[in-house]
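Undergrad: Count along the sequence shown starting at 1, add 413, and that's the number in our numbering.
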Amino acid sequence: MGDSKPKSGGVWPTVKPFVNGGLSGMLATCVIQPIDMIKGLSAGLLRQATYTTARLGSFRVLTNKAVEANDGKPLPLLQKAAIGLTAGAIGASVGSPADLSLIRMQADATLPLAQRRNYKNAFHALYRISADEGVLALWKGAGPTVVRAMALNMGMLASYDQSVELFRDQLGFGEISTVVGASAVSGFFASACSLPFDYVKTQIQKMQPDANGKYPYTGSLDCALKTLKSGGPFKFYTGFPVYCVRIAPHVMMTWIFLNQIQKLEKSIGL
Numbered sequence: 414m415g416d417s418k419p420k421s422g423g424v425w426p427t428v429k430p431f432v433n434g435g436l437s438g439m440l441a442t443c444v445i446q447p448i449d450m451i452k453g454l455s456a457g458l459l460r461q462a463t464y465t466t467a468r469l470g471s472f473r474v475l476t477n478k479a480v481e482a483n484d485g486k487p488l489p490l491l492q493k494a495a496i497g498l499t500a501g502a503i504g505a506s507v508g509s510p511a512d513l514s515l516i517r518m519q520a521d522a523t524l525p526l527a528q529r530r531n532y533k534n535a536f537h538a539l540y541r542i543s544a545d546e547g548v549l550a551l552w553k554g555a556g557p558t559v560v561r562a563m564a565l566n567m568g569m570l571a572s573y574d575q576s577v578e579l580f581r582d583q584l585g586f587g588e589i590s591t592v593v594g595a596s597a598v599s600g601f602f603a604s605a606c607s608l609p610f611d612y613v614k615t616q617i618q619k620m621q622p623d624a625n626g627k628y629p630y631t632g633s634l635d636c637a638l639k640t641l642k643s644g645g646p647f648k649f650y651t652g653f654p655v656y657c658v659r660i661a662p663h664v665m666m667t668w669i670f671l672n673q674i675q676k677l678e679k680s681i682g683l
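(1) Tell me the DSSP secondary structure of V444 in three-state form.
(2) My output table needs one value for K533: the three-state DSSP class, helix, strand or coil.
(3) Could you give the C-beta distance for P557 and S509, rounded to a whole number, given that I count them as a contact under 8 Å?
(4) Going by other Cβ atoms of all chains shown within 10 Å of its Cβ, with 16 needed for buried, is Y532 buried or exposed?
(5) Does the beta-carbon distance from I660 to N433 come in below 7 Å?
(6) Since I believe M518 is in contact with G600 (beta carbons under 8 Å), could you give me their beta-carbon distance rounded to a whole number of angstroms?
(7) State the Cα-Cα distance for the pair W425 and L526, rounded to the nearest angstrom.
(8) Return helix, strand or coil for Q360, following the three-state DSSP convention.
(9) What's the C-alpha gap between D484 and F586?
(10) Touching or not, the stretch 474-490 and the stretch 536-545, by the rule of three or more beta carbon pairs under 8 Å?
(11) In terms of alpha-carbon separation, which member of T640, S596, F580, Q528 lies closest to G617?
(12) In this structure, how does DSSP classify K648 when only helix, strand and coil are distinguished?
(13) For N566, count the other beta carbons within 10 Å of its own beta carbon; 16 or more makes it buried, fewer makes it exposed. Which is it?
(14) Are the CB atoms of G438 and T463 within a distance shorter than 7 Å?
(15) Relative to the C-alpha of K619, which residue among C636, C443, A535, I589 is closest?
(16) Evaluate contact between the stretch 569-577 and the stretch 593-608, counting only Cβ atoms and requiring at least three cross-stretch pairs below 8 Å.
(17) Any idea what DSSP makes of L488, helix, strand or coil?
(18) Ordered along the chain, which non-local residues of its own chain (more than five positions away) have a Cβ less than 6 Å from that of A555?
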């Protein structure tokens, strides 16, 4: 759950939330990563080492600062959501190159042999992208990725802290029940908040021109408005059960590992 007040001085108290966040995300990836996607494991781990390190670390730092400014009182949900949005943007900006590597490495198997990039690992992918397409290409498609990450982390981070307060402080749950329950709630809201953006992103990526060479959407906003008009708000939640099963377990494992890491640190005086 939340970090306890650091006992030691120096750099460690500052970097601790970031180290804990990255380590918990990487451990969750090792558990969740499907066997048939093992080739993308190095990119998945690099993504967690950058994206989750930045988002969970910045969320905890910003939350602690906000609690101090609030005289130690719990933050209102709206403020937690705003911090989650900010942390998501920071994490996605830092993790975008690794995310691009992961997507390309996993997509390689679906391409014809002549079109495969044959990256050996995540670092080779980063090197090749930089060398062949330029350094800025590492942030190709970062805009939609950042927006989706902001929505996902708003749901994931704010709901977790809010659920911990509810289960532990108001309902009197024990530590294990609190962590598991709050993790499940967090996984659900991470999925619910991010799927509409993921749906739009997928539609944009999949769209094909008609006989006249015209695309169905001019951009993400146009896609969202046309989808809303033709199918209503629930159209954005097409395939929600499958999406939730894909997103929620990683979210849950990340929180559970983070809690165990913090307990270990506390037991050895870190």
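Glycine included, every Cβ here is placed at the ideal spot set by N, Cα and C.
TA: Looking at the coordinates:
(1) Here the question's residue 444 lines up with position 31 in the sequence shown. For V444, the three-state secondary structure derived from DSSP is helix.
(2) Position 120 of the sequence shown, counted from the start, is the residue given in the question as residue 533. Looking at K533 - three-state DSSP - the assignment turns out to be coil, as it is neither helix nor strand.
(3) By one-based count along the sequence shown, residue 557 stands at place 144. By one-based count along the sequence shown, residue 509 stands at place 96. The pair is not a contact, with the Cβ atoms about 11 Å apart (cut-off 8 Å).
(4) Translated into the one-based positions of the sequence shown, residue 532 becomes position 119. Buried, because 16 or more other Cβ atoms sit within 10 Å of the Cβ of Y532.
(5) By one-based count along the sequence shown, residue 660 stands at place 247. By one-based count along the sequence shown, residue 433 stands at place 20. It is not a contact, given that the beta carbons lie outside the stated cut-off.
(6) Within the sequence shown, the letter at position 187 stands for residue 600. Within the sequence shown, the letter at position 105 stands for residue 518. The beta-carbon separation of G600 and M518, rounded to 25 Å, does not stay under the 8 Å limit for a contact.
(7) In the sequence shown, residue 425 corresponds to position 12, counting from 1. In the sequence shown, residue 526 corresponds to position 113, counting from 1. Straight-line spacing of the CA atoms in W425 and L526 works out to 47 Å.
(8) The structure shown does not extend to residue 360, since the chain is modelled only from 414 to 683, so the question has no answer here.
(9) Working through the sequence shown from its first residue, we reach residue 484 at position 71. Working through the sequence shown from its first residue, we reach residue 586 at position 173. It is roughly 26 Å from the alpha-carbon of D484 to the alpha-carbon of F586.
(10) They do not touch, by the three-pair rule.
(11) Reading the sequence shown from its first residue, position 204 is the one you call residue 617. According to the sequence displayed, residue 617 carries Ile and not Gly. When the alpha-carbon of I617 is set against those of T640, S596, F580, Q528, the nearest one is in T640.
(12) The count along the sequence shown starts at 1 and reaches residue 648 at position 235. Collapsing the DSSP output to three states places K648 in a helix.
(13) Here the question's residue 566 lines up with position 153 in the sequence shown. The residue in question, N566, is buried, as its Cβ has 16 or more Cβ neighbours within 10 Å.
(14) Here the question's residue 463 lines up with position 50 in the sequence shown. Here the question's residue 438 lines up with position 25 in the sequence shown. No, the Cβ-Cβ distance between T463 and G438 is not below 7 Å.
(15) For this step, residue 619 is matched to residue 206 along the sequence shown. Closest by C-alpha distance to K619, out of C636, C443, A535, I589, is C636.
(16) Yes: the two stretches touch, three or more of their Cβ pairs being nearer than 8 Å.
(17) Counting from 1 along the sequence shown, the entry for residue 488 is found at position 75. L488 falls in the coil class under three-state DSSP.
(18) For the purposes of this step, residue 555 is taken as residue 142 along the sequence shown, with counting starting at 1. If we look at A555 and ignore the five residues flanking it on each side, its Cβ neighbours are S509.
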